[in-house]
């Protein structure tokens with residue numbers, strides 16, 4: 011078989027195999043949007059390349075590009091993975107390696123969704139929306155977040171070189187960030203104003219619901235009759251822990267709705283009644299993602315809380331890895347979550363009741379004074395107008 015014949019066979023069959031393997035997930039799209047017609051166009055393009063391209067075609071390389079392009083037309087959490095990346099996705103992280111404390115997505119380049127409190131990324135001044143143009147001198151234009159996370163990890167105390175673009179900056183800035191283990195608490199609390207407790211949730215995990223309950227009890231014991239719950243930059247954690255945490259605040263029967271390509275399922279709360287009844291304001295920004303968005307959407311949609319800040323990230327989907335013949339796979343968003351009303355969260359986010367813009371500082375400039383927080387100040391004003399239960 012000649013290289014050109016092999017190229018044609020690979021390029022014509024690969025997209026068809028991809029559509030077949032994802033089955034129900036894309037099947038309705040195929041029927042609804044005439045995707046078979048697009049496949050015929052793809053076949054014509056392959057024929058034109060095979061006939062007219064002057065050099066020998068590297069079949070595997072071009073096929074990977076085609077599959078990458080297919081996934082690029084989906085949401086940012088769906089992607090084509092090479093065989094090595096698929097293996098990395100399914101394997102546990104190396105115990106003696108640590109990262110820099112970021113959650114990533116893709117938007118042309120690899121992009122930061124959030125940097126965890128006190129993490130190396132946070133200390134370096136990285137913020138939601140920053141683009142990583144390269145990681146350890148590896149360009150990210152066609153890099154998956156799986157590969158990006160792999161490059162960010164390493165031995166504690168080692169450094170990784172990042173080329174960062176913020177906002178409309180014409181040129182990136184290169185910085186070195188030291189890798190270290192995360193040691194910060196998931197939930198912290200304090201009294202932030204007379205009668206107002208402040209609960210900061212940095213991450214959702216299986217301990218978070220109990221930690222929130224304990225924090226609410228602690229500030230309540232100090233006289234708090236209203237709460238500010240800070241979800242800014244909270245982007246990691248399992249979805250079910252966000253749902254379980256929301257159940258502490260509301261007795262609503264349905265907290266979120268899980269949707270697949272085939273059906274919707276309302277997720278009901280557990281038997282235990284809500285234990286936190288005081289008025290609540292949530293602080294959100296574009297770094298509020300995943301479990302934190304489900305938590306926020308459940309409380310807002312059931313009229314249990316209002317939000318102050320900025321729209322959340324719109325990352326409320328779970329992915330499934332679909333293996334492809336010959337290695338590699340498609341990581342596809344196969345499940346998404348909706349607010350109790352049925353309103354979408356994924357790729358939409360949760361809109362704040364009170365929008366408070368956050369000024370953007372240039373990378374490398376002094377960080378804002380932590381004692382000056384206009385979003386928190388506006389939330390306290392908003393809480394003042396809310397009646398005490």
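In this note's numbering, the protein residues as written are 11 to 399. Just so you know, even glycine gets a beta-carbon here, dropped at the ideal spot from N, CA and C.
Query	Result
From residue 275 to residue 345, what distance separates their C-alpha atoms?	11 Å
Between the segment 247 to 257 and the segment 205 to 224, do three or more beta carbon pairs fall short of 8 Å?	yes
For the candidate residues 82, 110, 129, whose alpha-carbon lies nearest to that of residue 152?	82
Could you tell me which residues DSSP pairs with residue 184 in its beta bridges?	173
Determine the closest residue to residue 113 out of 68, 139, 78, 343, with distance taken between C-alpha atoms.	139
Spatial neighbours of residue 111 within its chain, please: CB distance less than 7 Å, with the 5 preceding and 5 following residues excluded, ordered by chain position.	125, 126, 129, 130, 131, 132, 192
Between the beta-carbon of residue 299 and the beta-carbon of residue 349, is there less than 8 Å?	no
In chain order, which beta strand (DSSP E) runs of at least 3 residues are fully inside the segment 94 to 147?	112 to 117, 119 to 125, 141 to 145
Excluding the five sequence neighbours on either side, which residues of its own chain have a C-beta within less than 6 Å of the C-beta of residue 286, listed in chain order?	226, 258, 259
Taking 7 Å as the cut-off, is the C-beta of residue 145 nearer than that to any heavy atom in the ligand NAD?	This structure lacks the ligand NAD, and indeed carries no ligand of any kind.
Find out if the Cβ-Cβ distance for the pair residue 196, residue 218 is shorter than 8 Å.	yes
Using C-beta distances below 7 Å, list every residue in its chain close to residue 362, excluding the 5 sequence neighbours before and after it, in chain order.	294, 317, 318, 319, 320, 321
Considering Cα atoms alone, identify which of 136, 357, 264 is closest to residue 280.	264
Looking at the structure shown, is residue 279 part of a helix, part of a strand, or coil, going by DSSP?	coil
What residue does the alpha helix (DSSP H) around residue 231 start on, and which one ends it?	218 to 231
Sorted by chain position, which residues of the same chain lie with C-beta nearer than 7 Å to residue 78's C-beta, five sequence neighbours on each side aside?	90, 152
Drop a sphere of 10 angstroms on the beta-carbon of residue 149, count the other beta-carbons inside from all chains shown, and report buried for 16 or more, exposed for fewer.	exposed
Suppose you measure from the CA of residue 98 to the CA of residue 205; what does that come to, to the nearest Å?	49 Å
Looking only at its chain, what residues have a beta carbon closer than 8 Å to the beta carbon of residue 42, apart from the 5 residues adjacent to it on each side?	Only weak support exists for where residue 42 lies, its pLDDT of 49 falling under 50; the value from the coordinates is given anyway. Contacts found: none.
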